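If you're matching positions, the sequence shown starts at 13 in this note's numbering and goes up one per residue. Beta carbons: idealized from backbone N, C-alpha and C, even for Gly. Fair warning: this is a prediction, and the values are worked out from it, not measured in the lab.
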Amino acid sequence: LYFRRLNKQISQYSDYSGVKRIYTLGQRGGHYYFGPEGIDSEDPFSSPPGTKYLQPPSALDEILSDRKTRVVGPFEDEYGRFVSCFSPVISRDGEDVLMVVGVDIPEKQWNEEVYSVKLKPLGITLILLILIYFGFHLS
Numbered sequence: 013l014y015f016r017r018l019n020k021q022i023s024q025y026s027d028y029s030g031v032k033r034i035y036t037l038g039q040r041g042g043h044y045y046f047g048p049e050g051i052d053s054e055d056p057f058s059s060p061p062g063t064k065y066l067q068p069p070s071a072l073d074e075i076l077s078d079r080k081t082r083v084v085g086p087f088e089d090e091y092g093r094f095v096s097c098f099s100p101v102i103s104r105d106g107e108d109v110l111m112v113v114g115v116d117i118p119e120k121q122w123n124e125e126v127y128s129v130k131l132k133p134l135g136i137t138l139i140l141l142i143l144i145y146f147g148f149h150l151s
């Protein structure tokens with residue numbers, strides 16, 4: 013019951029936000045396993061619940077110990093190269109980390125977005141410099 017409800021909520025948020033790769037991870041016996049996720053089951057990045065995460069980033073261990081959200085990457089795992097954000101879900105009494113929520117952005121998409129953010133101010137600055145240059149030379 014809880015699994016289905018959580019899976020539905022994550023899927024709905026994924027659809028609403030446009031973030032395609034939202035998933036949960038749990039730790040058992042020193043290994044990480046995938047739980048409910050917002051990734052369509054037909055997507056090659058989808059992992060059925062209970063799938064062992066074979067190459068998790070080492071930051072997951074740090075998140076469990078210090079309970080702080082982290083952005084990690086780019087790093088490579090069995091699914092490809094990503095920049096990911098991981099955040100712990102802590103129990104109501106504050107004693108336990110119940111799971112970790114992860115959001116992945118493929119490295120290529122991350123680089124394109126960073127480039128685009130850098131390019132806009134550079135373009136605006138260039139236009140302003142051209143206007144100032146011609147403004148002084150035409151007067």
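At which residues does the alpha helix (DSSP H) containing residue i begin and terminate?
i, result
"F146", "119 to 150"
"S20", "The identity of residue 20 in the sequence shown is Lys, whereas the question assumes Ser. Element bounds for K20: 14 to 29."
Does residue i get closer than 8 Å to chain D when you measure Cβ to Cβ?
i, result
"L76", "The displayed structure is made up of one protein chain only, and chain D is not part of it."
Report the residue from the options whose alpha carbon sits nearest the alpha carbon of residue i.
i, options, result
"R82", "L76, G92, I34, F98", "F98"
"L76", "E107, E124, F148", "E107"
"K120", "I142, G85, S103", "G85"
"Y91", "S59, L72, S53", "S59"
"S70", "P61, P48, L141, G42", "G42"
Please state if the CB of residue j and the CB of residue i are separated by a distance shorter than 8 Å.
i, j, result
"V112", "T63", "no"
"P118", "R79", "no"
"Y65", "Y44", "yes"
"P68", "D55", "no"
"R33", "F57", "yes"
If we ignore side chains and look at the alpha-carbon of each, how far apart do residue i and residue j end up?
i, j, result
"V115", "L134", "29 Å"
"F46", "W122", "23 Å"
"V129", "I51", "27 Å"
"S23", "Y145", "53 Å"
"G38", "L110", "7 Å"
"Q21", "T137", "43 Å"
"V101", "K132", "36 Å"
"R16", "V95", "27 Å"
"N19", "E124", "30 Å"
"S29", "F148", "47 Å"
"S26", "V126", "22 Å"
"I139", "V31", "34 Å"
"E74", "E49", "22 Å"
"L143", "S53", "53 Å"
For residue i, report the span of its beta strand (DSSP E) as first-last.
i, result
"S99", "92 to 102"
Task: beta strand (DSSP E) runs contained entirely in the segment 35 to 89, provided each spans 3 or more residues - done: 43 to 49, 82 to 89
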